[in-house]
Amino acid sequence: MMAQIVFLPIIVQLLLAISLLFSWKWIKWQKIISNVGSVLSLVIAIWLFSTTWTEGTLTVQAGNWQAPFGISFVSDTFAATLVLLTAISGMAVSFFSVGTIMPARLKFGFLPIFHFLLLGLNGAFLTGDIFNLYVWFEIIIISSFVLITLGGEKTQIEGAIKYFTLNIFASVIFLTAIAVLYGLTGSLNMADLALKVAEIQNRGLVEVTAILFLIGFGIKAALFPLYFWLPASYHTPPPAVSAIFGGLLTKVGVYALIRVFTLIFVGDVFLGNIILVLAGLTLFSGALGALTQNNISKVFSYLIICHIGYMILGLGMYTEMAITGVVFYLIHDIIAKTNLFMIGGLIYRITGTYSMRDSGGLYAKYPLISLLIIIPFFSLVGVPPLSGFWAKLTLISESFKSGNYWLIAAILFATFITLFVIARIWAEVFWKESKPLPKLQNFRYFEKLKLEKKILIVGPIVFLTLISLYIGFGAEYIQRLATRVANELMDNQQYIQAVLGVNTTN
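Residue 481 in numbering that gives the first Met the number 0 sits at position 482 of the sequence shown, and the numbers go up by one each step.
Structure (structure tokens):
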């Protein structure tokens, strides 16, 4: 019966979304339901993580159909960690959105759609069925498309068209890859696929199928060269939406890549080299894109692209220590990027603009808030001993051991550019004297907000900053977690045995 808790993160988000739909007209109740439900989701995610950590991989077969014939839900350490990170980020954004989202957007169903999005994320992390993963991806796309367009502003619609077009294209490729894989194996269960793909004699066809998955998931993860939809769309919605997008949406693509290429398509040198090249180009192109932007949200969007390269780089090297670095960086990045876009929203609330050239004087006006913000900035750069440093150190060490010195150059280049960009934001927005700006009509500047609203805006930033500090100063514990995840991914015997109940050890 303990294994049934695997369903709880999905069920709770579903019940929250339905409850919020029934509370459509009562915005005050929607806010209470969303925030209380988000706290409950975090408690359940901690319970699931703790149980998985102590008891090992948990599996549930939907409808009691035994694998591989039914749909499996699996909570290994990797999935449980990402569900926990989703709950942490989701709770922070839930409180932040209550303090920042305009009442008109709340009346049009922002909070129900937000929880449908979290439902899709939890489902994607916990499913053990490749077609079911596609279904959860579609729930994520539909929910995120509604969140981007909610409000109907011109920039939102333009960004949504680019976002939806490329993501639907990625879904078509993904579905095609699933069809080919099913034709080759007659199975959709990922554990069963791990066994059957290894037995296929036509390795060329297997590689083609793997490349289709790489393209489909690569688009969703914003890999080079098909990442242009991200900076064109992530800056257009409200900061609460950008925060959950920046923290989690691209990471679903990264998760899918890691899961598929450590479970189904394992150890292919040719594919590994392709992934390494794509990772390096993603690092370079994302960093160069961030250099050219003046809009803070666009800078942050390009940094998302740039830093995806770190995670894909470790997957390309495909050693246990490299995967450990990937998982560590993934944990750090989800928290850091969610916080980053909320910080962008706070800056906008204070200055009334996202333009670096047109803003300034934030440190003089709000020194304590500025000192708070500098901690996530330093974590993002990887200043030791903060959270971003340890994962990069692991990846650099593995690149050196494998003789991939150009990867070390790419990591250092991306780190230097991140430092330069963050220093530029600090100089322009915080140190520089403020410029007189025309006051925006009907815009509630930070100083005019009630104390309750200020707490709802700053509180989530403080919360995620403390999480980032724990990741950095408690690196020993995060490293132990990342090592266990990497060990399970590299030796997938536990996953297969937990799902299918068979032992594949020779």
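Ideal placement from N, C-alpha and C gives every residue a C-beta, glycine not left out.
Next item on the list: Leaving aside the five residues before and after Gly-158 along the sequence, list all residues of the same chain whose C-beta is less than 7 Å from its C-beta, in chain order.
Entry: Ile-147, Ala-231, Ser-232 and Thr-235
Item checked: Under the three-state DSSP convention, the category Ser-74 falls into -> strand
Check: Using DSSP with H/G/I as helix, E/B as strand and the rest coil, what is Thr-58?
Finding: strand
Notebook entry, point to check: Which residue's Cα is closest to the Cα of Arg-356: Trp-430, Gly-245, Lys-27 and Ile-177?
Noted result: Trp-430
Note to self: Our contact map puts Ile-43 next to Pro-67 with C-beta atoms below 8 Å; I'd like the distance itself, whole angstroms only.
What the structure shows: At roughly 28 Å, the Cβ-Cβ gap does not stay under 8 Å, so Ile-43 and Pro-67 are not in contact.
Notebook entry, point to check: CB Leu-406 to CB Gly-279, shorter than 8 Å?
Noted result: yes
Check: Is Ser-49 buried or exposed, if buried means 16 or more other CB atoms sit within 10 Å of its CB?
Finding: exposed
Next item on the list: From the DSSP output, read off the bridge partner residues of Leu-354.
Entry: Note that residue 354 is Ser in the sequence shown here, rather than Leu. Asn-294, per the DSSP bridge assignment.
Next item on the list: In angstroms with no decimal places, state the Cα-to-Cα distance between Ala-255 and Phe-136.
Entry: Cα-Cα distance, rounded: 10 Å.
Item checked: Bridge-paired residues (DSSP) for Thr-126 -> Phe-72
Checklist line | Neighbour-count burial assignment, Asp-75, 16 or more Cβ in a 10 Å radius | finding: buried
Notebook entry, point to check: So Phe-173 and Gly-119 are in contact, right, with Cβ under 8 Å, and what is the actual spacing, rounded?
Noted result: 14 Å between Cβ atoms; not a contact.
Item checked: Backbone CA spacing between Gln-292 and Arg-348 [nearest angstrom] -> Those two C-alpha atoms are separated by around 20 Å.
Checklist line | Cβ pair count under 8 Å reaching 3, the segment 353-372 against the segment 95-111 | finding: No, they do not touch.
Next item on the list: Give the secondary structure of Asn-188 by DSSP, where H, G and I count as helix, E and B as strand, and everything else as coil.
Entry: strand
Item checked: Extent of the continuous alpha helix (DSSP H) to which Leu-411 belongs -> 404-424
Notebook entry, point to check: Under the rule that 16 or more other beta-carbon atoms within 10 Å means buried, what is Pro-80, buried or exposed?
Noted result: According to the sequence shown, residue 80 is Thr rather than Pro. The residue is buried, with at least 16 neighbouring Cβ atoms inside 10 Å.
Next item on the list: With a threshold of 16 other CB atoms inside 10 Å of the CB of Leu-411, please say whether the residue is buried or exposed.
Entry: exposed
Next item on the list: Kindly indicate which residue of Val-240, Val-259 and Ile-368 has the alpha-carbon position closest to the one of Ala-193.
Entry: Val-259
Margin query: Using only the alpha-carbon positions, how far apart do Phe-163 and Met-310 sit?
Written below: 24 Å
Notebook entry, point to check: Hey, out of Val-73, Gly-62 and Ala-61, whose CA is closest to Gly-55's CA?
Noted result: With distances taken between Cα atoms, Gly-55 lies closest to Val-73.
Next item on the list: Using the Cα positions of Thr-414 and Leu-225, report the straight-line distance between them to the nearest angstrom.
Entry: For Thr-414 and Leu-225, the gap between their C-alpha atoms comes out near 22 Å.
Check: Excluding five sequence neighbours on each side, which residues of the same chain lie with their C-beta closer than 7 Å to the C-beta of Asn-505?
Finding: Caution is warranted here: a pLDDT of 40 is assigned to Asn-505, below 50, making its placement in the model unreliable, and no coordinate value can be reported.
Note to self: Quick check: the Cα distance between Met-489 and Met-320, rounded to an integer number of angstroms?
What the structure shows: 10 Å
Note to self: Measuring straight from C-alpha to C-alpha, what distance separates Thr-175 and Ser-300?
What the structure shows: 29 Å
Notebook entry, point to check: For the alpha helix (DSSP H) that Phe-399 lies in, which residues bound it at each end?
Noted result: 386-400
Next item on the list: Can you tell me the Cβ-Cβ gap for Ile-70 and Asn-131, rounded? I've got them flagged as a contact below 8 Å.
Entry: With a Cβ gap of about 5 Å, Ile-70 and Asn-131 count as contacting.
Item checked: Separation of Asp-191 from Leu-20, as counted between CA atoms -> 38 Å
Note to self: Taking the straight line between their C-alpha atoms, what separation do you get for Ala-286 and Ile-303?
What the structure shows: 9 Å
Next item on the list: Could I get the ranges of all uninterrupted alpha helix (DSSP H) runs contained in the segment 439-495, with 4 residues as the minimum, in chain order?
Entry: Note on the segment 439-495: whole alpha helix (DSSP H) runs with a minimum of 4 residues are 450-472 and 474-489, in chain order.
Next item on the list: For Phe-399, count neighbouring Cβ atoms within 10 angstroms of its own Cβ and tell me buried if that reaches 16, exposed if not.
Entry: exposed
Item checked: Per-residue DSSP class, three states only, for Leu-312 -> helix
Checklist line | Through-space distance from Val-145 to Gly-36, alpha-carbon basis | finding: Using only the alpha carbons, I get a separation of about 21 Å.
Next item on the list: Could you check how far apart the C-beta atoms of Gly-471 and Ser-386 are, in whole angstroms? I think they sit under 8 Å.
Entry: Confirmed, Cβ separation roughly 4 Å.
Margin query: Helix, strand or coil, according to DSSP, for Asp-267 in the structure here?
Written below: Coil at Asp-267, not helix or strand.
Notebook entry, point to check: Is Gln-200 helix, strand or coil when you go by DSSP?
Noted result: coil
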